[in-house]
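Numbering (the working numbering), first residue to last: 13 to 126.
Cβ coordinates follow ideal geometry from the N, Cα and C atoms, glycine included.
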Amino acid sequence: MKPAGRYERIYAVIRRIPAGRVATYGQIAELAGLPGHARQVGYALSALREQSMVPWHRVVNAHGRLSLGRVIPEGDVEQRIRLEIEGVEFDADGRIALGRFQWRPPRKKRTPGG
DNA sequence: CCACTGACGAGTG
DNA sequence: GCACTCGCCAGTG
């Protein structure tokens, strides 16, 4: 095992995700300074531990679906429960409306119109 | 070093 | 929306 310091970048971004919001792998990768390394994000999450203090349940794929079930049985169930507690709604197909729940990082320069 | 795998994303038809 | 393809890169055998 390695300290995986590079993952710190990824974890730091995930910790920035507020409750009731979700972020995509690609989005996290980009915010972490690793644009295009969405895979690396998922890989980092796989190495996560509960003591990591990382809201891993707020991470979903670009389709608004959960992919945790690929590693842990019923893992996606746990994720969904955690999200629903925070107010995140799921579609009948088990998908999240990213248009309403995707996290939007605070930009230093936001549009004057909004 | 080579081949295969893995919590993914974007482009093409 | 689905199937197929390429890119990304750390980990394991």
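From 108, 58, 90 and 65, residue whose alpha carbon lies closest to that of residue 76: Taking the first residue of the first sequence as position 1, residue 76 is located at position 64. Nearest neighbour of residue 76 by Cα position, chosen from 108, 58, 90 and 65, turns out to be 108.
Local Cβ density within 10 Å of residue 30, reported as buried at 16 or more and exposed below that: Residue mapping note: residue 30 aligns to position 18 of the first sequence, counting from 1. Exposed, because fewer than 16 other Cβ atoms sit within 10 Å of the Cβ of residue 30.
Cβ-based neighbour list, residue 24, same chain, cut-off 8 Å, excluding 5 preceding and 5 following: Sequence index remark: in the first sequence, residue 24 carries index 12 (1-based). Here the set comprises 44.
Residues near residue 72 in its chain [Cβ-Cβ closer than 7 Å; skip 5 each side]: Locating residue 72 in the first sequence gives position 60, counting from the first residue. Close CB contacts of residue 72 within its chain, under the 7 Å cut and outside five residues either way in sequence, are with 34, 36, 78 and 108 (chain order).
Residue 35 - partner residues in DSSP beta bridges: Here residue 35 refers to the residue found at position 23 of the first sequence. Under DSSP, the beta-bridge partners assigned to residue 35 are 71.
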